[in-house]
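Oh and the sequence shown: position 165 is 1249 in my numbering, straight run, nothing missing.
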Amino acid sequence: MDSLTAEKYKFHYKVLNAMEYGNVPQNRERIYIVAFRNEKDFKNFLFPEKIPLTKKLTDIINFENPVDEKYYYTAGKYKGEIYEKLLEAMDDKNAVYQWRRKYVRKNMSGVVPTLTANQGEGGHNVCLIKTDFGIRKMTPRECFNAQGFPKNFNLPDYLIDSKLYKQAGNSVCVEVVKRIAENIANAIKK
């Protein structure tokens, strides 16, 4: 804020959650800063209002069909008794879970927990789901879906999954940014 002020910007900032401002089923709070040099534009700007969450997990995660075998957890695939603990704890096919170093946590809010840049590395905080085909982590495509990218968004096929997971985890919710950008445009037009 000091740097923006020193550069003669006037700014607004607000913490927005993707599920409340972007209609995506992900609990992702991020601070957004919008800065103007023009006083009139600054005064005309308002952050978007909350909108209802109408998208469901089934809109962004493929629970119905098998995916590549590499995304599934199986006995002996990871160190320790992770798989056995997952089998014991994951009882809901309509929820997202996370492995938390020593235990399994069910996300009780009915949305994807905040995606992280290390999502695909197999460590803690990886988002997991239970399907008829087994327990698996979310695919890179599903992670981008959880950020609000359209399903037809082309993911580069030359990048390995870990890079795609990192990009998805470091991204911001597309719809939140779109709504903020529309409000910036409206502020400038007034």
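Each residue gets a CB set at the ideal place from its N, CA and C atoms; glycine is no exception.
When DSSP assignments are scanned along the region 1158 to 1233, the uninterrupted stretches of beta strand (DSSP E) that are 3 or more residues long and fall wholly within it turn out to be 1181 to 1183, 1188 to 1190, 1211 to 1215, 1218 to 1221. Contact check between the region 1131 to 1138 and the region 1098 to 1112: three or more CB pairs, one atom from each, fall below 8 Å, which counts as touching. Here N1111 has N1101, A1102, M1103, N1191, S1193, V1195, V1196, P1197, T1198 as same chain residues with Cβ atoms under 8 Å from its own Cβ, once five neighbours each way along the sequence are excluded.
Membership of F1126 in the alpha helix (DSSP H) is indicated by the continuous run 1123 to 1128. Per DSSP, the continuous alpha helix (DSSP H) segment holding E1266 begins and ends at 1258 to 1273. K1098 sits in a strand when the DSSP states are folded into three classes. Counting C-beta atoms within 10 angstroms of its own C-beta, A1271 has 16 or more neighbours from the protein chains shown and is therefore classed as buried. For I1145, no alpha helix (DSSP H) segment is defined, and its DSSP state is neither H nor E. Put simply, the backbone Cα of D1175 is about 17 Å away from that of E1165.
Taking the Cα of F1147 as reference, the smallest distance to any Cα among I1213, V1260, F1228 is reached at I1213.
Bounds of any alpha helix (DSSP H) do not take in Y1093, whose DSSP letter is neither H nor E. Within the model, the alpha-carbon separation for K1221 versus Y1157 is close to 8 Å. In the DSSP assignment, Y1249 falls within the unbroken alpha helix (DSSP H) covering 1245 to 1254. Here DSSP, grouped into helix, strand and coil, assigns Y1116 to strand. Taking C-beta atoms as the reference points, V1258 and F1217 fail to come closer than 8 Å. For a cut-off of 8 Å, the C-beta gap from K1092 to R1121 is around 6 Å, short enough to register as a contact. For R1263, same chain residues with a beta-carbon under 6 Å away, outside a window of 5 residues either side, are P1132 in chain order.
Judged by beta-carbon spacing, Q1251 lies beyond the 8 Å limit of V1210, meaning their Cβ atoms are not closer than that value.
Residue environment for V1099: exposed (fewer than 16 other C-beta atoms within 10 angstroms of its C-beta).
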